[in-house]
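According to this note's numbering, the sequence shown is numbered sequentially starting from 3. Quick reminder that beta carbons are idealized off the backbone N, C-alpha and C, glycines included. Accompanying notes for the structure given below.
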Amino acid sequence: MKRFTRKPPRSLFRHTALTIAVGLLVFQLASGAAIFFNLMRPLAQRSADDMAALLVLSARTWVELPAATRPAFEAELLLSHHMELSEVQAPLGDEVGHHPYLNFLRESLTTRLDPGASLHVTESTDGRFHADIPMARRVLRFSFDKELITPRPSLALAWSAVAGLLVTLILAWLLARRITAPVARLTDAARQIGSGERPPRLPESGEYELAELARIFNQTAAQLAARRENQSTLLAGVSHDLRSPLARLKMALGMLADERDSPLLSRMERDVGEMETLIGAQLELARAQEREAAEATDIDALLNELIEAAEAQSPGQTHLRADGPPCRAVIAPLALRRILGNLLENALRYGGPGRLELVRRRGSRGLLIGVRDRGPGIPAAQREAVFRPFFRLDPSRNRATGGSGLGLAIARQLAETQGWTVALKPRVGGGTSAWLAIPVN
Numbered sequence: 003m004k005r006f007t008r009k010p011p012r013s014l015f016r017h018t019a020l021t022i023a024v025g026l027l028v029f030q031l032a033s034g035a036a037i038f039f040n041l042m043r044p045l046a047q048r049s050a051d052d053m054a055a056l057l058v059l060s061a062r063t064w065v066e067l068p069a070a071t072r073p074a075f076e077a078e079l080l081l082s083h084h085m086e087l088s089e090v091q092a093p094l095g096d097e098v099g100h101h102p103y104l105n106f107l108r109e110s111l112t113t114r115l116d117p118g119a120s121l122h123v124t125e126s127t128d129g130r131f132h133a134d135i136p137m138a139r140r141v142l143r144f145s146f147d148k149e150l151i152t153p154r155p156s157l158a159l160a161w162s163a164v165a166g167l168l169v170t171l172i173l174a175w176l177l178a179r180r181i182t183a184p185v186a187r188l189t190d191a192a193r194q195i196g197s198g199e200r201p202p203r204l205p206e207s208g209e210y211e212l213a214e215l216a217r218i219f220n221q222t223a224a225q226l227a228a229r230r231e232n233q234s235t236l237l238a239g240v241s242h243d244l245r246s247p248l249a250r251l252k253m254a255l256g257m258l259a260d261e262r263d264s265p266l267l268s269r270m271e272r273d274v275g276e277m278e279t280l281i282g283a284q285l286e287l288a289r290a291q292e293r294e295a296a297e298a299t300d301i302d303a304l305l306n307e308l309i310e311a312a313e314a315q316s317p318g319q320t321h322l323r324a325d326g327p328p329c330r331a332v333i334a335p336l337a338l339r340r341i342l343g344n345l346l347e348n349a350l351r352y353g354g355p356g357r358l359e360l361v362r363r364r365g366s367r368g369l370l371i372g373v374r375d376r377g378p379g380i381p382a383a384q385r386e387a388v389f390r391p392f393f394r395l396d397p398s399r400n401r402a403t404g405g406s407g408l409g410l411a412i413a414r415q416l417a418e419t420q421g422w423t424v425a426l427k428p429r430v431g432g433g434t435s436a437w438l439a440i441p442v443n
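Quick look at the structure:
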């Protein structure tokens, strides 16, 4: 079966830097081509034409001089122009190939010599240039170094290309970072809000669009923090105000000793107990939005305590399976205890008569803890819905079979506040697996 892997998202920084770099490189290439064909090439042709004039003039002067004065002329040519002149018998061959400058030199020499003259211009293996010029039935060889070429278009073009590439890369990196740095700060701040923290205010400086985005984000973060605080205060106040009359009502019910056998009195006591449980769960849901400080925790010891508590409720039904060596991590212990407690309670309530497994795995990406049961399972369309507050699979909404509907909501809220992930998966062979993923170092 063909497996499809998710394509990783493109990085904004890399995409922006690449776009800027490609644009600047295209501009550099176009500018370099324009400079080469309109400036460097004509200068090189003018330099080659001047060199050809010097060579032809020197050759004609050498031929016209008496044989006794020719060595002095050759010495003067070497001293003044750093050019060697000698009479040769065999013409040059193409030992290495032709330097681009030599093509211009050959064209200029051709126009200054007789038509049909056997002209040879080449570069030797030692990097020197040589030109064989026929003059008065003689062949005169001129040899000179590359350094005599002014200007040198190939070298200038190479240096300009290297400099342009470096400037392009630096500018692309700086511009891309200037664009993506505020986005990265915005991402970190949004992640902190999702974890229940209040991020520091983002700087509202720089370009107008980015500054306006930071200003709106700061306003939104402040509004969310105020709403969360007001919600927690409201829930805490309402729960406190409700608990006082409930306590008085419970006390009054307890004083009615003569009516203990009354069905109405028993029903009222159950209703008061359910209301207290519901109010406590709402308070816990409100407190779940507050991030807990992490500390060094013995994970296996905490899991064993949860197993003992579950065994006290349903003996012989729950066991721990820890893969790998003993595990310790720096995490929020109370949040972990409450999340796993709610998952175990949910599995004990709905997991059927089969045994429950509390699984602990430690991998390269963090800690993975699962609660697995052999119950009837949860339909795929409702595996996310069960994490909503007050959602119950039991359509009758009977608390004896459906609970309060807040256990999994509290577990999800606690996990998201700590930056963890909790999800429900179908278990192979029937049942449900509730997995808690904790990224730890």
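Limits of the unbroken beta strand (DSSP E) element including ILE141: Counting from one through the sequence shown, the residue named residue 141 turns up at place 139. Per the sequence shown, residue 141 should be read as Val rather than Ile. Segment 140 to 146, the beta strand (DSSP E) holding VAL141.
Under the rule that 16 or more other beta-carbon atoms within 10 Å means buried, what is THR189, buried or exposed? For this step, residue 189 is matched to residue 187 along the sequence shown. Exposed, by the Cβ-count rule.
Report yes if the C-beta distance between ASN348 and GLY409 is below 8 angstroms; otherwise report no. As a position in the sequence shown, residue 348 is number 346, starting the count at 1. As a position in the sequence shown, residue 409 is number 407, starting the count at 1. Contact flag set, yes.
Report all residues from its chain with a CB closer than 6 angstroms to the CB of VAL58; omit the five preceding and five following residues, and keep chain order. Reading the sequence shown from its first residue, position 56 is the one you call residue 58. ARG114, listed in sequence order.
Where VAL90 sits in the DSSP three-state scheme: As a working mapping, residue 90 is identified with position 88 in the sequence shown. The answer is strand: DSSP assigns VAL90 an E or B state.
Contained beta strand (DSSP E) runs [length at least 3] in the region 304 to 352, N- to C-terminal order: For the beta strand (DSSP E) assignment, the uninterrupted runs of no fewer than 3 residues enclosed by the region 304 to 352 are, from N- to C-terminal side, 320 to 324 and 330 to 333.
According to DSSP, is HIS101 helix, strand or coil? In the sequence shown, residue 101 corresponds to position 99, counting from 1. DSSP places HIS101 in coil when its eight states are reduced to three.
Buried or exposed for THR71, going by 16 or more other Cβ atoms inside 10 Å? Stepping through the sequence shown from its first residue, residue 71 is reached at position 69. Classification for THR71: exposed.
Give the C-beta separation of GLY433 and GLY377 to the nearest angstrom, bearing in mind that I take them to be a contact with Cβ-Cβ under 8 angstroms. Position 431 of the sequence shown, counted from the first residue, corresponds to residue 433. Position 375 of the sequence shown, counted from the first residue, corresponds to residue 377. At roughly 5 angstroms, the Cβ-Cβ gap stays under 8 angstroms, so GLY433 and GLY377 are in contact.
How about ARG374 and GLU359: do their beta carbons lie closer than 8 angstroms? Within the sequence shown, the letter at position 372 stands for residue 374. Within the sequence shown, the letter at position 357 stands for residue 359. Remark: C-beta atoms of ARG374 and GLU359 approach each other more closely than 8 angstroms.
DSSP three-state call for LEU204: helix, strand or coil? Sequence index remark: in the sequence shown, residue 204 carries index 202 (1-based). Three-state DSSP puts LEU204 in coil, outside helix and strand.
If I'm right that ALA191 touches ALA223 with Cβ under 8 angstroms, what's the distance once you round it to whole angstroms? Taking the sequence shown and counting its residues from 1, one reaches residue 191 at position 189. Taking the sequence shown and counting its residues from 1, one reaches residue 223 at position 221. About 7 angstroms; that satisfies the 8 angstroms criterion.
Residue burial classification, VAL430 (beta-carbon count within 10 angstroms, cutoff 16): Looking up residue 430 in the sequence shown gives position 428. Exposed, since its Cβ has fewer than 16 Cβ neighbours within 10 Å.
Out of curiosity, what's the CA-to-CA distance linking ARG362 and PHE393? In the sequence shown, residue 362 corresponds to position 360, counting from 1. In the sequence shown, residue 393 corresponds to position 391, counting from 1. If I take the Cα positions, the gap works out to 28 angstroms.
Once DSSP output is grouped into helix, strand and coil, what is the label at PHE6? Indexing the sequence shown from 1 puts residue 6 at position 4. With a pLDDT of only 40 at PHE6, under 50, the local geometry of the prediction cannot be trusted, and the value read off the model is given with reservation. In this structure, PHE6 counts as coil in the three-state DSSP scheme.
Measuring from the CB of LEU342, is there a heavy atom of the ligand GTP at a distance below 7 angstroms? The model depicted lacks the ligand GTP and carries no ligand whatsoever.
Taking C-alpha atoms, which residue in LEU142, GLU89 and LEU280 lies nearest to ILE412? Taking the first residue of the sequence shown as 1, we reach residue 412 at position 410. When each option's Cα is compared against that of ILE412, the closest is LEU280.
Inter-residue CB distance, ALA23 and LEU171 (contact presumed, cutoff 8 angstroms): Here residue 23 refers to the residue found at position 21 when the sequence shown is read from its first residue. Here residue 171 refers to the residue found at position 169 when the sequence shown is read from its first residue. The pair is a contact, with the Cβ atoms about 6 angstroms apart (cut-off 8 angstroms).
In terms of alpha-carbon separation, which member of PHE146, ILE151 and ALA324 lies closest to ALA133? Walking along the sequence shown from the start, residue 133 turns up at place 131. The shortest C-alpha separation from ALA133 is found at PHE146.
Alpha carbon to alpha carbon, what distance is there between LEU438 and LYS427? The count along the sequence shown starts at 1 and reaches residue 427 at position 425. The count along the sequence shown starts at 1 and reaches residue 438 at position 436. Each residue's alpha carbon lies about 11 angstroms from the other.
How big is the Cα-Cα spacing for GLY196 and ALA417? Reading the sequence shown from its first residue, position 194 is the one you call residue 196. Reading the sequence shown from its first residue, position 415 is the one you call residue 417. Distance between the alpha carbons of GLY196 and ALA417 is about 11 angstroms.
Out of ALA296, TYR103 and GLU89, which one is the CA nearest neighbour of ALA46? Along the sequence shown, one-based indexing puts residue 46 at 44. Comparing Cα positions, the closest option is TYR103.
I'd like the list of long-range same chain contacts for ARG140, defined as Cβ closer than 8 angstroms, with 5 residues on each side in sequence excluded. As a first step, residue 140 must be located in the sequence shown, where it is residue number 138. The answer, listed in chain order, is VAL65 and GLU89.
Just reading off the alpha helix (DSSP H) that LEU410 is part of, what are its end residues? Counting from 1 along the sequence shown, the entry for residue 410 is found at position 408. Counting along the chain, the alpha helix (DSSP H) containing LEU410 begins and ends at 409 to 420.
Which one of GLY354, VAL424 and GLY318 has the shortest CA to CA distance from ILE341? Taking the sequence shown and counting its residues from 1, one reaches residue 341 at position 339. Closest by alpha carbon: VAL424.
Quickly, what does DSSP pair PHE131 with across the bridge? List them, please. Position 129 of the sequence shown, counting from 1, holds the residue named residue 131. In the DSSP output, where bridge partners are listed per residue, PHE131 has GLU125 and PHE146.
Secondary structure at ALA436, three-state DSSP: helix, strand or coil? Walking along the sequence shown from the start, residue 436 turns up at place 434. Strand at ALA436.
What residues match up with MET253 in a beta bridge as DSSP calls it? Locating residue 253 in the sequence shown gives position 251, counting from the first residue. Bridge partners of MET253: none, in fact.
Report yes if the C-beta distance between ALA331 and VAL169 is below 8 angstroms; otherwise report no. On the sequence shown, position 329 is the one that residue 331 refers to. On the sequence shown, position 167 is the one that residue 169 refers to. Not a contact, by the Cβ cut-off of 8 angstroms.
Report the residue from PRO201, ALA283 and PRO205 whose alpha carbon sits nearest the alpha carbon of ARG293. Within the sequence shown, residue 293 is the residue found at index 291, counting from 1. Nearest C-alpha to ARG293: PRO201.
I'd like to know if THR299 contacts chain B, where contact means its C-beta is closer than 8 angstroms to some C-beta of that chain. This model lacks chain B altogether; it includes just one protein chain.
In its own chain, which residues sit with a C-beta less than 6 angstroms from the C-beta of ALA174, not counting the 5 before and 5 after it? Start at 1 with the first residue of the sequence shown, and residue 174 comes out as number 172. Answer for ALA174: ALA19, ILE22 and ALA23, listed in chain order.
With a 10 Å radius around its C-beta and 16 neighbouring C-beta atoms as the bar for buried, classify TRP422 as buried or exposed. The count along the sequence shown starts at 1 and reaches residue 422 at position 420. By the neighbour-count rule (16 or more Cβ atoms within 10 Å), TRP422 is buried.
Can you tell me whether GLU125 is buried or exposed, with buried defined as 16 or more other CB within 10 angstroms of its CB? Position 123 of the sequence shown holds residue 125. By the neighbour-count rule (16 or more Cβ atoms within 10 Å), GLU125 is buried.
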